[in-house]
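Chemist: Residue numbers (my numbering): 502 to 973.
Note that beta-carbon positions come from the ideal geometry of N, C-alpha and C, so glycine has one too.
If you scroll down you'll find the structure; I have some questions about it.
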């Protein structure tokens with residue numbers, strides 16, 4: 502019987518152990534997509550309790566607790582931090598096979614030195630010990646980043662954000678890592694939302710002029726792209742329910758925009774036309790600036806209307822979407838290509854059924870030989886960043902693409918303790934490669950394999966995004 506989560510956790514062959522311990526383990530981290538607050542880095546936030554750092558805002562854990570019958574009082578309600586942690590401890594043993602079980606214990610081991618499994622019986626003991634460790638000088642946010650070997654972080658930022666925290670961090674010689682903004686203009690593109698008129702008014706205040714037409718909106722977004730670029734941004738991100746590319750003339754688009762801005766309803770088809778026009782516009786601007794464009798699609802959000810009304814978005818009530826993405830994705834990439842503006846693009850789907858679609862469509866647009874893997878399949882995302890989901894994503898990429906050019910892992914997290922997800926990914930990666938060597942499917946070329954592991958873990962991301970200019 503193998504010891505629980507020991508140094509060779511998930512590494513099932515001698516080849517896998519060699520690749521991990523000699524190569525992957527030593528590589529630093531670039532976390533190019535996450536949802537952490539950059540001001541908490543600048544201010545070097547300290548956490549008072551393990552509950553705050555672990556359960557605050559973590560809808561992955563909230564969802565698991567609900568599945569185990571924990572009342573909302575102990576999840577997002579007014580229960581004390583100790584009571585909430587106790588309920589998390591009682592939940593954990595039920596999560597056999599769930600990545601939360603592995604993530605929780607990796608974080609306990611790496612940051613708190615606790616190797617015993619968390620249960621309801623020892624939850625309070627671990628809670629008290631964890632709180633004592635959090636009070637140590639090196640367990641502030643900056644300390645955690647340094648302890649994790651993180652070199653560069655990209656946050657997620659709205660066009661109206663002033664990026665003050667990024668400016669402060671850029672001017673701080675003691676900053677623990679390079680922290681860059683990422684441009685996320687979803688609110689400007691969702692004209693179907695009730696919040697759209699208020700958002701346009703906010704954007705008008707930021708840019709200093711009226712936005713009355715789609716041309717005005719294009720200009721406003723381009724102006725904010727320039728503002729972000731001046732502060733180091735070279736990455737964008739877009740959330741789509743599913744992939745689409747709907748054409749409409751400028752007169753029609755202006756009519757759609759005018760009705761949406763005034764608070765009048767628009768149809769879903771009109772929303773897709775407006776959204777498509779802006780996606781193509783910003784895509785061309787990204788291309789001019791050599792930015793990376795990330796597309797996250799395949800999510801059906803806020804399924805529980807009751808809980809959305811009570812708690813708002815991002816609280817654990819989203820799911821995979823089964824909408825077809827092949828035609829829309831091909832049309833969108835094709836339209837950018839026709840405009841000579843198809844640059845570095847990363848594609849993520851929440852539905853693993855889209856792995857083959859992404860792999861085959863992106864293969865048809867790898868037309869710029871100067872950029873290896875110009876169109877990328879992103880790492881297994883959200884409901885897929887578990888062991889089997891990562892394996893399936895990587896096997897699909899190996900089957901249909903060029904694994905050696907893969908950009909590897911990101912946290913997509915709101916927690917500063919989530920950097921162990923990079924370790925989790927790297928162990929799974931090395932185990933896959935090690936098994937192929939063991940089975941005679943790839944030669945035991947340790948130099949080449951080791952370099953490939955290091956590239957996927959770090960180097961590919963460094964060069965693909967152009968982060969080398971920040972990490973000299």
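Find the nearest neighbour of residue 897 within the set 886, 858, 829, judged by alpha-carbon distance.
Modeler: The residue given as residue 897 occupies position 396 in the chain shown. The option with the nearest alpha carbon to residue 897 is 858.
Chemist: Which residues in the same chain have their Cβ closer than 7 Å to the Cβ of residue 631, if we skip the five residues on either side of it in sequence?
Modeler: Within the chain shown, residue 631 is the residue found at index 130, counting from 1. Closer than 7 Å at Cβ, skipping near neighbours: 551, 613.
Chemist: Pull up the distance between the alpha-carbon of residue 652 and that of residue 894, whole angstroms please.
Modeler: As a first step, residue 652 is located in the chain shown; it is residue number 151 there, counting from the start. As a first step, residue 894 is located in the chain shown; it is residue number 393 there, counting from the start. Roughly 26 Å between the two C-alpha positions.
Chemist: Check each candidate in 598, 525, 586, 639 and name the one with the smallest Cα separation from residue 450.
Modeler: A query on residue 450 cannot be resolved here, the shown segment of the chain reaching from 502 to 973 and no further.
Chemist: Contact between the stretch 865 to 877 and the stretch 903 to 913 is defined here as three or more beta-carbon pairs at a separation below 8 Å; is this criterion met?
Modeler: Contact holds: three or more Cβ-Cβ distances are below 8 Å.
Chemist: Beta carbon of residue 972, beta carbon of residue 645: below 9 Å?
Modeler: Translated into the one-based positions of the chain shown, residue 972 becomes position 471. Translated into the one-based positions of the chain shown, residue 645 becomes position 144. Their beta carbons are not under 9 Å apart, which means residue 972 does not touch residue 645 by this criterion.
Chemist: By Cβ distance below 8 Å, which residues in the same chain neighbour residue 477 in space, the five residues on each side in sequence not counted?
Modeler: Only positions 502 to 973 of the chain appear in this structure, which leaves residue 477 out of reach.
Chemist: Check the DSSP bridge columns for residue 849 and list the partner residues they point to.
Modeler: The count along the chain shown starts at 1 and reaches residue 849 at position 348. DSSP, once it has assigned bridges, lists 797 as partnering residue 849.
Chemist: Within 8 Å: the Cβ of residue 656 and any heavy atom of the ligand SAH?
Modeler: With respect to small molecules bound, the structure shown includes none, and the ligand SAH cannot be examined in it.
Chemist: Let me check one thing: in DSSP terms, what residues is residue 681 bridge-paired to?
Modeler: For the purposes of this step, residue 681 is taken as residue 180 along the chain shown, with counting starting at 1. The partner list for residue 681 (beta bridge, DSSP) reads 655.
Chemist: Using DSSP with H/G/I as helix, E/B as strand and the rest coil, what is residue 878?
Modeler: Locating residue 878 in the chain shown gives position 377, where the first residue counts as 1. In the three-state reduction of the DSSP assignment, residue 878 falls in the strand class.
Chemist: Please report how far the alpha carbon of residue 593 lies from the alpha carbon of residue 569, in whole angstroms.
Modeler: Within the chain shown, residue 593 is the residue found at index 92, counting from 1. Within the chain shown, residue 569 is the residue found at index 68, counting from 1. The straight-line gap from Cα to Cα measures roughly 9 Å.
Chemist: CA-CA distance, residue 562 and residue 528?
Modeler: Numbered from 1 along the chain shown, position 61 holds the residue referred to as residue 562. Numbered from 1 along the chain shown, position 27 holds the residue referred to as residue 528. The straight-line gap from Cα to Cα measures roughly 28 Å.
Chemist: Alpha carbons only, please: which of 683, 940, 697 is nearest the one belonging to residue 534?
Modeler: Within the chain shown, numbered from 1, the residue matching residue 534 stands at position 33. In terms of Cα proximity to residue 534, the closest of 683, 940, 697 is 683.
Chemist: Got a sec? Which residues, its chain only, sit under 7 Å from residue 746 by beta carbon, not counting five neighbours each side?
Modeler: Sequence index remark: in the chain shown, residue 746 carries index 245 (1-based). Correct list, in chain order: 777, 829, 832, 833, 836.
Chemist: Taking only runs that begin and end inside the stretch 678 to 752, name each unbroken beta strand (DSSP E) of 3 or more residues, in chain order.
Modeler: 679 to 681, 736 to 741
Chemist: Out of curiosity, what's the CA-to-CA distance linking residue 767 and residue 820?
Modeler: Translated into the one-based positions of the chain shown, residue 767 becomes position 266. Translated into the one-based positions of the chain shown, residue 820 becomes position 319. Taking the straight line joining both Cα atoms gives about 25 Å.
Chemist: For a test of the three-state rule: what should DSSP assign to residue 531, helix, strand or coil?
Modeler: Here residue 531 is taken as the residue at index 30 of the chain shown, counted from 1. Three-state DSSP puts residue 531 in a strand.
Chemist: What runs of the beta strand (DSSP E), each 3 residues or longer, lie entirely inside the stretch 508 to 557?
Modeler: 530 to 532
Chemist: Can you grab the Cα-Cα spacing for the pair residue 933 / residue 867, in whole Å?
Modeler: As a working note, residue 933 is residue 432 in the chain shown. As a working note, residue 867 is residue 366 in the chain shown. Taking the straight line from one Cα to the other gives about 25 Å.
Chemist: Do residue 921 and residue 532 have their beta-carbon atoms positioned less than 9 Å apart in this structure?
Modeler: Counting from one through the chain shown, the residue named residue 532 turns up at place 31. Counting from one through the chain shown, the residue named residue 921 turns up at place 420. No, they are not a contact pair.
Chemist: Rounded to a whole number of angstroms, what is the C-alpha to C-alpha distance between residue 574 and residue 588?
Modeler: Numbered from 1 along the chain shown, position 73 holds the residue referred to as residue 574. Numbered from 1 along the chain shown, position 87 holds the residue referred to as residue 588. Going from the Cα of residue 574 to the Cα of residue 588 covers about 11 Å.
Chemist: Taking buried to mean at least 16 other C-beta atoms within 10 Å of its own C-beta, is residue 877 buried or exposed?
Modeler: Here residue 877 corresponds to residue number 376 of the chain shown, with the count starting at 1. Counting Cβ neighbours within 10 Å, residue 877 comes out buried, since at least 16 surround it.
Chemist: For residue 521, which residues in the same chain have their Cβ closer than 7 Å to its Cβ, ignoring the five residues on either side in sequence?
Modeler: Numbered from 1 along the chain shown, position 20 holds the residue referred to as residue 521. Within the same chain, residue 521 has close Cβ partners 512, 927, 928, 931.
Chemist: Pull up the CB-CB distance for residue 775 and residue 840, whole angstroms please, since I reckon it's below 8 Å.
Modeler: As a first step, residue 775 is located in the chain shown; it is residue number 274 there, counting from the start. As a first step, residue 840 is located in the chain shown; it is residue number 339 there, counting from the start. Rounded, the Cβ-Cβ distance is 18 Å, inconsistent with contact.
Chemist: Residue 889: buried (16+ other C-beta within 10 angstroms of its C-beta) or exposed?
Modeler: Residue numbering aside, residue 889 sits at position 388 when the chain shown is read from its first letter. Per the 10 Å Cβ criterion, exposed.
Chemist: Please list, in chain order, all residues of the same chain as residue 740 whose beta carbon is under 6 Å from its beta carbon, the five residues on each side excluded.
Modeler: Along the chain shown, read from residue 1 onward, the residue named residue 740 stands at position 239. Contacts found: 687, 797.
Chemist: Taking only the alpha-carbon atoms, compute the straight-line gap between residue 700 and residue 958 and give it to the nearest angstrom.
Modeler: Position 199 of the chain shown, counted from the start, is the residue given in the question as residue 700. Position 457 of the chain shown, counted from the start, is the residue given in the question as residue 958. Roughly 38 Å between the two C-alpha positions.
Chemist: At which residues does the alpha helix (DSSP H) containing residue 932 begin and terminate?
Modeler: Mapped onto the chain shown, residue 932 falls at position 431. Its alpha helix (DSSP H) spans residues 921 to 939.
Chemist: Just the C-alpha distance for residue 510 and residue 502, rounded to the nearest angstrom, thanks.
Modeler: Position 9 of the chain shown, counted from the start, is the residue given in the question as residue 510. Position 1 of the chain shown, counted from the start, is the residue given in the question as residue 502. Rounded to the nearest angstrom, the two C-alpha atoms are 13 Å apart.
Chemist: For residue 543, which residues from the same chain have a beta carbon less than 6 Å from its beta carbon, with the 5 sequence-adjacent residues on both sides left out?
Modeler: Stepping through the chain shown from its first residue, residue 543 is reached at position 42. Within the same chain, residue 543 has close Cβ partners 666, 669, 670.
Chemist: Measuring CA to CA, which of 638, 608, 610, 583 is closest to residue 621?
Modeler: In the chain shown, counting from the first residue as 1, residue 621 sits at position 120. For residue 621, the nearest C-alpha among the options comes from 583.
Chemist: Have a look at residue 720 and residue 813 and give me their C-alpha separation to the nearest angstrom.
Modeler: Walking along the chain shown from the start, residue 720 turns up at place 219. Walking along the chain shown from the start, residue 813 turns up at place 312. Cα to Cα, residue 720 sits roughly 31 Å from residue 813.
Chemist: For residue 954, is the classification buried or exposed, using 16 other Cβ atoms within 10 angstroms of its Cβ as the cut-off for buried?
Modeler: Here the question's residue 954 lines up with position 453 in the chain shown. Looking at its Cβ environment, which holds 16 or more other Cβ atoms inside 10 Å, residue 954 is buried.
Chemist: State yes or no: is the C-beta of residue 852 within less than 9 Å of the C-beta of residue 742?
Modeler: Taking the first residue of the chain shown as position 1, residue 852 is located at position 351. Taking the first residue of the chain shown as position 1, residue 742 is located at position 241. Not closer than 9 Å, so no.
Chemist: Grouping DSSP H, G and I as helix and E and B as strand, with all else coil, what is residue 502?
Modeler: Along the chain shown, read from residue 1 onward, the residue named residue 502 stands at position 1. The answer is coil: DSSP assigns residue 502 none of H, G, I, E or B.
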